[in-house]
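In UniProt numbering, the protein residues as written are 1 to 316. Here a beta-carbon is modelled for each residue, glycine too, at the ideal position from N, C-alpha and C. In this text the structure is predicted, and so the values were computed from the model without any measurement. These notes concern the structure reproduced below.
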Amino acid sequence: MTDATPPTTPTRRRLLLPVAVVLGLLVALLLPATGASALGKVKCDVSGQPAVAIGYYDPIVNHNATGPSMHEHQFFGNIAWHSLANPNAANYGDLVGKANNCRKVLGLSYSADSAGYWTPTLRYVSGPKAGQLVPAQQFTAYYRSAAGTTFGAAQPIPADTRLVGTRYNWSCGMKSGARSAPVQSIPDCTGLSGKPGLTLTAHIDFPSCWDGVRPNHTATQNGDTRDNAHYAYTVNKKCPATHPIGVAELRETIQFPYVGNGTDVALSSDKMMGTSDGRSLHADFWQTWRDKEFGDFLKTCVVSQTSAYSTSKCDP
């Protein structure tokens, strides 16, 4: 029987090796670094931009309520809350296309990503700083493909969707070695510098599987307006049969300038939820991007393999 692939002679090896090297170099130049994931970043509450309010209101869970919410929140992104007599009464039209405190993405105006993002506040509960806020050092909204894969579909989250993200973890920053491993309570970050990547960091993931039912929030609707019943988390990076439509996956990451042992700080929601040590961590997201810009952002920064790694466009 004749072997269909003749053995490679020493002469052929000498000829093929340079070709392989050249191809490898081309691949390295054309493709993103190994292990990277396609995503677009929106960084908010940064130097030079207006601060977003801290207050006892929650426009999703306590929609149209006249009294305070059960715990305090820090808001990022949309700054329309400043001009509203009752932020709990906000509706889609009050927020979409309004100014925000995020860096420009794709060279768009500041009003392109007018989404609202908020989380429980972090405060000192003991020691000389008891009662003082631990302000967010940096907020980043990461948008990835529907299943969090390297490249793939990232259908826009429907306009006016209101979600509460409940999957979370804490770390001491991605550059902190063993302490960068995700944990469920505030870790001991003692001794770190407090610089980005070396400080207390919270991560909250949102569900990215949708059942196809579009938001239907009226201006007069009272009470809890979250859309979580129409969304589910992936299971092994796949959407369940009950929620088969994959939309862009959102992760909110908040870096705090805190490098203590974790015993003197707590979230505003910890006590209310009968827990401690940051185990009540969650986040809210109100999808009030301008439609066209949101679609362009996802197409360029998540779906497109050739442009998703342009830091000037997708990681300002």
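Worksheet entry | Host beta strand (DSSP E) of Glu249 (start-end) | Glu249 to Gln255
Item to complete: Starting from Gln155, follow its DSSP beta bridges and name the residues at the other end.
Response: Val247
Worksheet item: Given Asp277, which residues of its chain have a CB within under 6 Å of its CB, disregarding the five upstream and five downstream residues?
Response: Ser185 and Ile186
Practice prompt. Please report how far the alpha carbon of Gln155 lies from the alpha carbon of Gly246, in whole angstroms.
Written response: 7 Å
Fill in: Coarse secondary structure for Ser304, derived from DSSP in three states
coil
Worksheet entry | Whole-Å CB distance - Val303 paired with Ala153, under 8 Å assumed | 7 Å
Worksheet item: Does the stretch 95-104 come close enough to the stretch 248-268 to have 3 or more Cβ pairs within less than 8 Å?
Response: no
Worksheet item: For Ser171 versus Ser180, is the C-beta spacing smaller than 8 Å?
Response: yes
Fill in: Meets three-Cβ-pair contact criterion under 8 Å: the stretch 160-174 and the stretch 270-286
yes
Fill in: N-terminal and C-terminal residue of the alpha helix (DSSP H) that Asp296 is part of
Asp291 to Leu298
Worksheet item: Can the beta-carbon of Tyr124 be found closer than 8 Å to that of Gly116?
Response: no
Practice prompt. Give the secondary structure of Arg179 by DSSP, where H, G and I count as helix, E and B as strand, and everything else as coil.
Written response: helix
Worksheet item: What did DSSP end up calling Cys209 once you bin it into helix, strand or coil?
Response: strand
Practice prompt. Could you pull the start and end residues of the alpha helix (DSSP H) that Asp284 belongs to?
Written response: Careful: Asp284 lies outside any alpha helix (DSSP H), inside the beta strand (DSSP E) at Ala283 to Trp286.
Practice prompt. Put Leu267 into one of helix, strand or coil per three-state DSSP.
Written response: strand
Discussion item. Relative to the C-alpha of Leu133, which candidate in Ala266, Asp291 and Thr288 has its C-alpha closest?
Written reply: Ala266
Worksheet item: At a cut-off of 7 Å, is Asp277 close to the ligand ADP when judged by its beta-carbon and the heavy atoms of the ligand?
Response: Here there are no bound small molecules, and the ligand ADP is not part of this structure.
Discussion item. If I follow the unbroken beta strand (DSSP E) through Tyr168, where does it start and stop?
Written reply: Arg167 to Ser171
Item to complete: Spell out whether any CB of chain B is found under 8 Å from the CB atom of Pro182.
Response: Given the protein chain composition of this structure (a single chain), no chain B is represented.
Practice prompt. For Lys43, count neighbouring C-beta atoms within 10 Å of its own C-beta (all shown protein chains included) and say buried if the count is 16 or more, exposed if not.
Written response: buried
Discussion item. Below 8 Å on the Cβ atoms is my contact criterion, and I expect Thr119 with Gln287 to pass it. Report the Cβ-Cβ distance as a whole number of Å.
Written reply: Not quite, the Cβ-Cβ distance comes to about 16 Å (not below 8 Å), so this is no contact.
Practice prompt. Over the uninterrupted alpha helix (DSSP H) stretch that includes Leu39, give me the two end residues.
Written response: No alpha helix (DSSP H) contains Leu39, which is instead part of the beta strand (DSSP E) from Leu39 to Cys44.
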